[in-house]
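Residue numbering for the sequence shown follows the numbering used here, starting at 13 and increasing by one per position.
Backbone N, C-alpha and C define an ideal beta-carbon position, used for all residues, glycine too.
Remember, it's a predicted structure, so these values are computed and weren't measured experimentally.
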Amino acid sequence: MGEEAFLSPMLRAVTIICIVGISVSIFILIYRVLKGPTNPDRAVALDAIGINLMALAGLLAILLVTTQFNDVILLIGILLFIGTIAIAKFLEKGVIIDRDRD
13 MGEEAFLSPM LRAVTIICIV GISVSIFILI YRVLKGPTNP DRAVALDAIG INLMALAGLL
73 AILLVTTQFN DVILLIGILL FIGTIAIAKF LEKGVIIDRD RD
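As structure tokens, then:
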């Protein structure tokens, strides 16, 4: 095996510290989703959780020295965008799908 298959101890330590920090951030954001004073606060917290999940997947890809998580990161991003649009529409109009049947 070549040297590129292993992480340097410094990079490994920094990656693990970042994973712990982002995990703590996710737990704090879960609290904000559950106890948020308003619905827009909850929506922002959900959006931030999705971004933190993308970061966790990226850090795991670095830690495991693989590119297999790139598709997962893109999928989380796409679903996060669709979810954000749906939540914003619900908060604005009260419905997600308009049914204009007379």
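Does the distance from the C-beta atom of residue 40 to that of residue 66 stay below 8 Å? no
Pairwise C-alpha distance: residue 102 and residue 74: 37 Å
Rounded to the nearest angstrom, what separates residue 19 and residue 81 at their Cα positions? 17 Å
Where does residue 54 sit, in a helix, a strand or coil, going by DSSP? helix
Pairwise C-alpha distance: residue 52 and residue 43: 14 Å
Within the same chain, show all residues whose beta-carbon is closer than 7 Å to that of residue 38, passing over the 5 residues directly before and after it, in chain order. 61 and 64
Given a threshold of 16 other Cβ atoms within 10 Å of its Cβ, counted over all protein chains shown, does residue 14 qualify as buried or as exposed? Note that residue 14 scores a pLDDT of 49, beneath 50, so its modelled location is shaky and nothing firm can be said.
Compute the Euclidean distance between the alpha carbons of residue 26 and residue 79, then round it to the nearest angstrom. 19 Å
Below 6 Å CB to CB, which residues in the same chain sit around residue 47 once its five sequence neighbours on both sides are set aside? none
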